[in-house]
Amino acid sequence: MLTLIWPWLLALLPLPWLYRWLRKPLASQTAALIAPVYTELVDQGTNRTAGIKHWLSWLLLIFMWFSVVLAATRPQWIGDPITLPASGRDLLLAVDISPSMEEEDMQVGNAMVDRLAVVKTVVGDFVARRNGDRLGLILFGSSAYLQTPLTFDRKTLNTLLQEALIGFAGKGTAIGDAIGLGVKRLKDRPENARVIILLTDGVNNSGEVDPHKAAQLAAAYGVKIYTIGIGADEVLRRSLFGTRRVNPSADLDEEALTDIAKLTGGQYFRARNPEDLARIYSVLDELEPIAQDEETFRPTKALFHWPLTIAIMSSFLLALLKHKGTGDA
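With our numbering, letter number 173 in the sequence shown gets 174, and the count goes up by one each step, no holes.
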């Protein structure tokens, strides 16, 4: 569909003729209407020496004026409506990057890798599957930071997740701050579509917000929180006195994570190995989407350069006719 951004400028079209009609004729000269060449054209017409060139020049002048005014109205072509992906959920991923996430208790093949490396792989795959959801990323340690606001751009979010560094947000674990930040970002989003997936391997020992109060706030705003506790229950540690079994997840506060999930209508999951974590995100992947109104937009294409080009070409032709007429004289 063709539209004009400033259609009222079309009222300028009769301006040259109106100017000519209102101005009193002079004995020795006739005023130029659009360009200085107009005076010469009138003289040529009066003397009846221009013939076809005279009328052709007039047509070019009129065509040039019409093209200039049309270009000034900013014509544009508006295409058919295009439907944008409808978001099933507004989903914030809150990932713990405190130093304890460096614990190498996740077995991948024959190697032991740290917890954050496994999280990056599994969560990265989860993000790649979330076509249609708005996703955001919160990284937290002693403080919580919004690394990526809610967006459809899964590729950028995944890139920023992969670039996350252990200890970047401090040495503590501010679970309450992470939840509070997530609620702040989700509270104005459509109801029944607000979800936080919080992953940690420890206990709240930093920050300004109590996790229980943050969960109450989340519940008040209809934000559902799924909590994930990551870390093996048992690993073998070699020392000078032999091999012993230790629990690297002794600091994991499963009770608090369970309470947070229950209070907000979510669920607590326990990931003791990479396979557990992958299964958890598969379950989360199957959450029923919340239908939202589809968003559409109509692409626009500016067309003003076409009449502007025509006006410039008309002026060149007019100058050529004038030059040729002068040469013939």
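Glycine residues also receive a C-beta, built at the ideal position from the N, C-alpha and C atoms.
Residue 168: not part of any alpha helix (DSSP H); DSSP gives it neither H nor E. Ranked by Cα distance from residue 14, the first of 67, 184 and 112 is 67. Inter-segment contact for the region 133-141 and the region 158-175 is present: three or more beta-carbon pairs are separated by less than 8 Å. Just measuring C-alpha positions, the residue of 239, 285, 197 and 241 sitting nearest residue 130 is 285.
The three-state reading of DSSP puts residue 130 in helix, counting H, G and I together. Look at the beta carbons and you see the region 91-102 touching the region 188-198: at least three pairs across the two are nearer than 8 Å. Per DSSP, the continuous beta strand (DSSP E) segment holding residue 78 begins and ends at 76-79.
Within the same chain, and ignoring the five residues on either side of residue 245 in sequence, the residues whose Cβ sits closer than 6 Å to its Cβ are 238. Residue 161 places its beta carbon less than 7 Å from that of residue 148. Pairing residue 116 with residue 151, the inter-Cα distance amounts to about 25 Å. DSSP places residue 148 in the strand class (E or B) of the three-state scheme. For residue 67, the enclosing alpha helix (DSSP H) covers residues 53-73.
Linking residue 302 to residue 202 through their CA atoms gives a straight-line distance of about 52 Å. The DSSP-derived three-state label of residue 178 is helix. Counting along the chain, residue 301 sits inside the beta strand (DSSP E) bounded by residues 301-303. Here residue 229 is near residue 200, since their CB atoms are less than 7 Å apart. Residues of the same chain with a CB within less than 7 Å of the CB of residue 70, apart from the 5 flanking positions on each side, are 10, 11, 13 and 14 in chain order.
For residue 108, the uninterrupted beta strand (DSSP E) segment begins and ends at 107-109. Apart from sequence neighbours up to five positions away, the residues of its chain that approach residue 316 with a beta-carbon distance below 7 Å are 65, ordered along the chain. Residue 300 sits away from residue 125, with the two beta carbons spaced by 7 Å or more. Looking at the DSSP output, residue 184 shares a beta bridge with no other residue. Look at residue 2 here: in three-state DSSP terms it is coil, with no helix or strand label. According to DSSP, residue pairing for residue 269 in a beta bridge involves 228.
Here DSSP, grouped into helix, strand and coil, assigns residue 141 to strand.
As computed with DSSP, residue 211 is found in no beta bridge at all. Residue 98 sits in coil when the DSSP states are folded into three classes, being neither helix nor strand.
Distance from the CA of residue 118 to the CA of residue 76, rounded to the nearest whole angstrom, comes to 53 Å.
DSSP, read as helix, strand or coil, puts residue 154 in coil.
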